[in-house]
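Novice: To convert a position in the sequence shown, counted from 1, into my numbering, add 2. Take a look at this one; I'll ask things after.
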Amino acid sequence: MTGYNARFDKPPKSDFDAHRPLRADGNLDQPITWRGTRRVTKSLTVQYDRVMYLLDDTSENRKLIHRYIDVWEYPDGRIEIRANGQVLPCPQYDRLTPASYVGKTTERAKKIA
Numbered sequence: 003m004t005g006y007n008a009r010f011d012k013p014p015k016s017d018f019d020a021h022r023p024l025r026a027d028g029n030l031d032q033p034i035t036w037r038g039t040r041r042v043t044k045s046l047t048v049q050y051d052r053v054m055y056l057l058d059d060t061s062e063n064r065k066l067i068h069r070y071i072d073v074w075e076y077p078d079g080r081i082e083i084r085a086n087g088q089v090l091p092c093p094q095y096d097r098l099t100p101a102s103y104v105g106k107t108t109e110r111a112k113k114i115a
């Protein structure tokens with residue numbers, strides 16, 4: 003990297019720093035989130051990235067059945083389920099790992115055979 007910088011480095015034409023400081027209310031996580039839409043099932047579950055999230059059984063959440071809601075995945079790995087601009091509290095219900103799925107499939111195949 004130092005060799006590359008030595009060959010192509012150029013001094014700036016002006017010493018003025020045009021970068022603006024970040025505002026106190028600025029949030030850099032929001033613009034770089036991965037956003038997807040998922041459909042709420044009849045049993046108030048949402049599946050994203052092989053993980054099932056269970057929504058609380060409230061009248062507001064029941065209105066979301068068979069509707070699409072937003073799933074935001076932040077760079078640090080946090081997942082937020084959002085509907086109408088509001089974050090919905092929902093625990094992670096189940097995570098299906100490939101190894102456990104393969105094991106269950108082979109067990110079923112052995113029982114059938």
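Virtual Cβ for every residue (Gly too), placed ideally from N, Cα, C. Predicted model, so just to flag it, every value in this text is computed and none were measured.
Suppose you measure from the CA of Ile-34 to the CA of Gln-49; what does that come to, to the nearest Å?
Specialist: Position 32 of the sequence shown holds residue 34. Position 47 of the sequence shown holds residue 49. One C-alpha to the other measures close to 21 Å.
Novice: Would you check if the region 52-59 and the region 12-26 touch, i.e. whether three or more CB-CB distances between them fall below 8 Å?
Specialist: No, the region 12-26 does not touch the region 52-59.
Novice: Taking the alpha-carbon positions, what's the Tyr-95 to Ile-83 distance?
Specialist: Along the sequence shown, read from residue 1 onward, the residue named residue 95 stands at position 93. Along the sequence shown, read from residue 1 onward, the residue named residue 83 stands at position 81. Taking the straight line joining both Cα atoms gives about 13 Å.
Novice: Are Asp-31 and Pro-91 close, meaning C-beta to C-beta below 8 Å?
Specialist: Counting from 1 along the sequence shown, the entry for residue 31 is found at position 29. Counting from 1 along the sequence shown, the entry for residue 91 is found at position 89. Contact flag unset, no.
Novice: Evaluate Ile-71 with the Cβ neighbour count: other Cβ atoms within 10 Å of its Cβ, from every protein chain shown; 16 or more gives buried, anything less gives exposed.
Specialist: By one-based count along the sequence shown, residue 71 stands at place 69. By the neighbour-count rule (16 or more Cβ atoms within 10 Å), Ile-71 is buried.
Novice: Which residues in the same chain as Glu-75 place their Cβ atom closer than 7 Å to its Cβ, once the five residues preceding and following it in sequence are excluded?
Specialist: Within the sequence shown, numbered from 1, the residue matching residue 75 stands at position 73. Taken in chain order, the residues that qualify are Thr-35, Trp-36 and Ile-81.
Novice: Below 8 Å on the Cβ atoms is my contact criterion, and I expect Val-73 with Gly-38 to pass it. Report the Cβ-Cβ distance as a whole number of Å.
Specialist: Within the sequence shown, the letter at position 71 stands for residue 73. Within the sequence shown, the letter at position 36 stands for residue 38. Indeed they touch by this definition, with Cβ atoms about 5 Å apart.
Novice: State the Cα-Cα distance for the pair His-68 and Gly-79, rounded to the nearest angstrom.
Specialist: Here the question's residue 68 lines up with position 66 in the sequence shown. Here the question's residue 79 lines up with position 77 in the sequence shown. The alpha-carbon atoms of His-68 and Gly-79 are separated by roughly 26 Å.
Novice: Within 10 angstroms of its Cβ, does Leu-24 collect 16 or more other Cβ (buried), or is it exposed?
Specialist: The sequence position of residue 24 within the sequence shown is 22, counting from 1. Leu-24 comes out exposed.
Novice: Which runs of the beta strand (DSSP E) at least 3 residues long sit entirely within the region 45-90? Give them in chain order.
Specialist: Within the region 45-90, the complete beta strand (DSSP E) runs of at least 3 residues are 47-50, 53-56, 70-75, 81-85 and 88-90.
Novice: On the DSSP bridge list, what partners appear for Thr-39?
Specialist: The count along the sequence shown starts at 1 and reaches residue 39 at position 37. Paired residues: Asp-72.
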